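Step one of this worksheet: look at the structure below.
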Amino acid sequence: EEMPSSVLERVVEKMHVSEIAEIFYKVNPLRIREMLKFIGSERAQKVEKLLDFGTDTAGAAMRTGFVSLDGNTTVKEAFNALYKLVPKPEVIVVTNGNEKLVGTIYTKDIIDSDSLAILKDIVTDRKFVVPQTDFNQVISLFGRYNLRALPVVDKDKKPIGVITAGIVLSRIEERTQTD
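Under my numbering, read the sequence shown as residues 148 to 326, first letter to last.
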């Protein structure tokens, strides 16, 4: 609230849209308008879309920036694509030819895979949630299956975001601090 506009602008520009959406419920409405102006119309639309999901849902917690590769991609091709990325993603979302979710592969797991293997054949996890999934269920899935990442899909089973273990832990920490 006390932050000068110039500092707020620099901070908001570096934030992920899902992080911006998370703080909207805690910020003065006048500052929200200012923040939206700083991030531009495209990012503002993404923030507003995330806000539509509600605060305690998978959709509100997901990160919309994630790496997705077609399931017919070889491990060698995937490795070359990942090589160029900074930072490296923890998980790769694997889709079929119609962009529907096949599953996920942890980036560290492709290092030990045959370079000619096809991603859809080495998918390690096929779990997912929809944006309206209650966040308590997300927590339960992470705990039950020892997940590090969980894709969020739309009604057509197309990936629209990913929830990481870090997000889950920070949300749990937030809850315990407010209780």
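C-beta: ideal position from N, C-alpha, C; glycine also.
Quick caveat: nothing in here was measured; it's all calculated off a predicted structure.
CB of residue i within 9 Å of CB of residue j, strictly
i, j, result
"Gly-250", "Asp-272", "yes"
"Val-315", "Ile-286", "yes"
"Ser-262", "Val-222", "yes"
"Leu-229", "Ile-257", "yes"
"Thr-211", "Thr-280", "no"
Endpoints, beta strand (DSSP E) assigned at residue i
i, result
"Thr-323", "Not the beta strand (DSSP E): Thr-323 falls in the alpha helix (DSSP H), residues 312–325."
"Pro-241", "Here the sequence assigns Val to residue 241, which means Pro is not the residue at that position. It spans 238–242 - the beta strand (DSSP E) in which Val-241 sits, taken as one unbroken run."
"Leu-248", "248–253"
In DSSP terms, what residue i is bridged to
i, result
"Thr-221", "Ile-265"
"Gly-308", "Val-299"
"Asp-272", "Thr-251"
"Val-382", "In the structure displayed, the chain extends from 148 to 326; residue 382 sits before or after that span and is not available."
Nearest-angstrom Cβ-Cβ length linking residue i and residue j, presumed shorter than 8 Å
i, j, result
"Val-127", "Phe-213", "This structure cannot speak to residue 127, because the chain is shown only from 148 to 326."
"Glu-118", "Phe-185", "It is not possible to answer for residue 118, since the shown part of the chain is limited to 148 through 326."
"Lys-255", "Lys-305", "That pair is no contact at about 26 Å."
"Met-182", "Val-159", "5 Å"
"Val-370", "Leu-294", "Nothing in the structure corresponds to residue 370, since the chain is present only between 148 and 326."
"Arg-180", "Val-164", "Rounded, the Cβ-Cβ distance is 16 Å, inconsistent with contact."
"Met-162", "Ile-310", "Not really, about 17 Å apart at Cβ, beyond 8 Å."
"Arg-318", "Phe-282", "7 Å"
Range covered by the alpha helix (DSSP H) that runs through residue i
i, result
"Leu-155", "152–161"
"Lys-173", "Lys-173 -> no alpha helix (DSSP H), and no H or E assigned at all."
"Phe-282", "282–292"
"Gly-206", "205–208"
Same chain only: Cβ atoms within 8 Å of residue i, ignoring 5 sequence neighbours per side
i, result
"Asn-243", "Asp-217, Gly-218, Val-249, Lys-267"
Own chain, CB closer than 7 Å to residue i, minus 5 neighbours either side, in chain order
i, result
"Ala-207", "Ala-168, Leu-197, Phe-200, Gly-201"
"Tyr-172", "Thr-202"
"Lys-235", "Leu-229, Thr-254"
"Ser-152", "Glu-181"
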